[in-house]
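Undergrad:
Residue numbers (the working numbering): 274 to 636.
(1) Mind reading off the beta-carbon distance from residue 517 to residue 395? Whole number of angstroms is fine, and I expect it under 8 angstroms.
(2) Pick out whichever of 504, 397, 526 has its Cα sitting closest to the Cα of residue 358.
(3) Starting from the Cα of residue 577, find the closest Cα among 629, 620, 447 and give me that residue.
(4) Indicate whether residue 353 and residue 337 have their beta-carbon atoms separated by less than 8 angstroms.
(5) Give me the residue from 460, 369, 307, 387 with the minimum Cα distance to residue 289.
(6) Which partner residues of residue 383 appear in the DSSP bridge assignment?
(7) For residue 364 and residue 561, I'd like the C-alpha separation in whole angstroms.
(8) Can you grab the Cα-Cα spacing for the pair residue 351 / residue 598, in whole Å?
(9) For residue 552, is the classification buried or exposed, using 16 other Cβ atoms within 10 angstroms of its Cβ as the cut-off for buried?
(10) State the Cα-Cα distance for the pair residue 369 and residue 344, rounded to the nearest angstrom.
(11) Would you call residue 670 buried or exposed, if buried means 16 or more other Cβ atoms sit within 10 Å of its Cβ?
(12) Taking 8 angstroms as the cut-off, decide whether the C-beta atoms of residue 448 and residue 411 are in contact.
(13) Alpha carbon to alpha carbon, how far is residue 431 from residue 438? Give it in angstroms, no decimals.
(14) Please confirm whether residue 399 and residue 297 have their CB atoms less than 8 angstroms apart.
(15) Can you list, in chain order, the stretches of the alpha helix (DSSP H) that have 4 or more residues and sit fully within the segment 278–326?
(16) Pull up the distance between the alpha-carbon of residue 453 and that of residue 419, whole angstroms please.
(17) My output table needs one value for residue 373: the three-state DSSP class, helix, strand or coil.
(18) Which residues bound the beta strand (DSSP E) around residue 558?
(19) Taking a contact to mean a Cβ-Cβ separation below 8 angstroms, would you say residue 422 touches residue 444 in this structure?
(20) Can you tell me whether residue 578 is helix, strand or coil according to DSSP?
(21) To the nearest whole angstrom, what separates the beta carbons of residue 321 and residue 605, a pair I think is in contact under 8 angstroms?
(22) Specify whether the segment 535–547 and the segment 582–590 touch according to this definition: at least 3 beta carbon pairs, one from each stretch, less than 8 angstroms apart.
(23) Does the distance from the C-beta atom of residue 581 to that of residue 559 stay below 8 angstroms?
(24) By alpha-carbon positions, which one of 494, 523, 382 ends up nearest to residue 341?
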């Protein structure tokens, strides 16, 4: 009875409607994909792609309802998940892709593999490439993304009679129906053009909106009072500023780990932004310490920390930029320790000691 209205399900419905809109053929509509089907978030030890051991009750009560809600909202595609569920990889689960999705929920759209998901069935021990392709197709994975086992093996399997023509036809039909629904046969580029790109991408209005979103997402943990005023915002009378940390001059890290078509040349680094915003302030920069070296007694650390401390001691205010490279977290990049990588903590402590000695502001 009825659609589950948990937070996950409500969000799924909202996202499907937001992406797809009322007219899939509109140039502003996107075909939504509900992913990763299913139990992707239940991976053992929280590690991406790992095994999932879950009770049937939890599957039906927690993991599956948001996907059913997305199906009821008209989602066009689903993506299979990398993980196995109770011993069966999702990409080879006919129970999940056919029994639950097609028969019980009457889903009529397309299922796409995750990136190389069919190929990765080999790592799950399903069998050889031919077996992996046959299992995925039979389970209900209609389109293989990135890897090419379908293309490399299924023609021979069809000719040998080991894969029925009807199974291939069904998958192809589902793919073609989705393409037709979004108008790709009439306009393969969906209204895209260099002119539209210049008109709509990285426009002043969009950049202003992105800046506002970023501003509202910032979390200020502490704004300590130094003297009679808090450290932030910086006093307009500040004469010199020390900017410390390699990330301050890194145009890749701000893009994040999954930035799609993000380009470094479009990024304004912290250092460049400060120099642009504070043309009358003397701004010194020190890289500090590397982020990716495990040894904290490396000579590069000592020299970098000393340079940063000296620069900090000579400035009216200091901005430390610490954290991770873009590829240190995100999909398939789990960290077992959430502290600052490398010797950044030692760097910060040295700078704070210099701040206390010199009595300047440290935002």
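All C-beta atoms, glycine included, are put in the ideal place defined by N, C-alpha and C. As the structure is a computational prediction, the values presented were derived from the model and not from experiment.
TA: Walking through what the data contain:
(1) Here residue 517 refers to the residue found at position 244 when the chain shown is read from its first residue. Here residue 395 refers to the residue found at position 122 when the chain shown is read from its first residue. That belief does not hold up - the Cβ atoms of residue 517 and residue 395 are roughly 47 angstroms apart, past 8 angstroms.
(2) For the purposes of this step, residue 358 is taken as residue 85 along the chain shown, with counting starting at 1. Out of 504, 397, 526, 397 has the C-alpha closest to the C-alpha of residue 358.
(3) To locate residue 577, count along the chain shown from 1; it is residue 304. For residue 577, the nearest C-alpha among the options comes from 620.
(4) Position 80 of the chain shown holds residue 353. Position 64 of the chain shown holds residue 337. Taking 8 angstroms as the Cβ cut-off, residue 353 and residue 337 do not qualify as a contacting pair.
(5) In the chain shown, residue 289 corresponds to position 16, counting from 1. Of the candidates 460, 369, 307, 387, the one whose C-alpha sits nearest the C-alpha of residue 289 is 307.
(6) For the purposes of this step, residue 383 is taken as residue 110 along the chain shown, with counting starting at 1. In DSSP, residue 383 forms a bridge with 350.
(7) Taking the first residue of the chain shown as position 1, residue 364 is located at position 91. Taking the first residue of the chain shown as position 1, residue 561 is located at position 288. So the two alpha carbons sit approximately 46 angstroms from each other.
(8) Here residue 351 is taken as the residue at index 78 of the chain shown, counted from 1. Here residue 598 is taken as the residue at index 325 of the chain shown, counted from 1. Approximately 31 angstroms, taken between the alpha carbons.
(9) The residue given as residue 552 occupies position 279 in the chain shown. Exposed: under 16 other Cβ atoms inside 10 Å.
(10) By one-based count along the chain shown, residue 369 stands at place 96. By one-based count along the chain shown, residue 344 stands at place 71. Going by the C-alpha atoms only, they are around 14 angstroms apart.
(11) A question about residue 670 goes unanswered here, because the residues of the chain that appear run from 274 up to 636.
(12) Residue 448 sits at position 175 when you count from the first residue of the chain shown. Residue 411 sits at position 138 when you count from the first residue of the chain shown. Taking 8 angstroms as the Cβ cut-off, residue 448 and residue 411 do not qualify as a contacting pair.
(13) Counting from 1 along the chain shown, the entry for residue 438 is found at position 165. Counting from 1 along the chain shown, the entry for residue 431 is found at position 158. Distance between the alpha carbons of residue 438 and residue 431: 7 angstroms.
(14) Walking along the chain shown from the start, residue 399 turns up at place 126. Walking along the chain shown from the start, residue 297 turns up at place 24. Contact: no.
(15) 280–293
(16) On the chain shown, position 180 is the one that residue 453 refers to. On the chain shown, position 146 is the one that residue 419 refers to. Straight-line Cα distance between these residues: approximately 22 angstroms.
(17) By one-based count along the chain shown, residue 373 stands at place 100. Residue state, collapsed to three classes: helix.
(18) Along the chain shown, read from residue 1 onward, the residue named residue 558 stands at position 285. Its beta strand (DSSP E) spans residues 555–559.
(19) Counting from 1 along the chain shown, the entry for residue 422 is found at position 149. Counting from 1 along the chain shown, the entry for residue 444 is found at position 171. Result no, Cβ atoms of residue 422 and residue 444 do not sit closer than 8 angstroms.
(20) Taking the chain shown and counting its residues from 1, one reaches residue 578 at position 305. Correct three-state label for residue 578: helix.
(21) For the purposes of this step, residue 321 is taken as the residue at position 48 of the chain shown. For the purposes of this step, residue 605 is taken as the residue at position 332 of the chain shown. Going by Cβ atoms, the distance from residue 321 to residue 605 rounds to 5 angstroms, so yes, they are a contact pair.
(22) no
(23) Indexing the chain shown from 1 puts residue 581 at position 308. Indexing the chain shown from 1 puts residue 559 at position 286. Against a cut-off of 8 angstroms, the Cβ pair of residue 559 and residue 581 comes out as a contact.
(24) By 1-based counting over the chain shown, the position of residue 341 is 68. It is 382.
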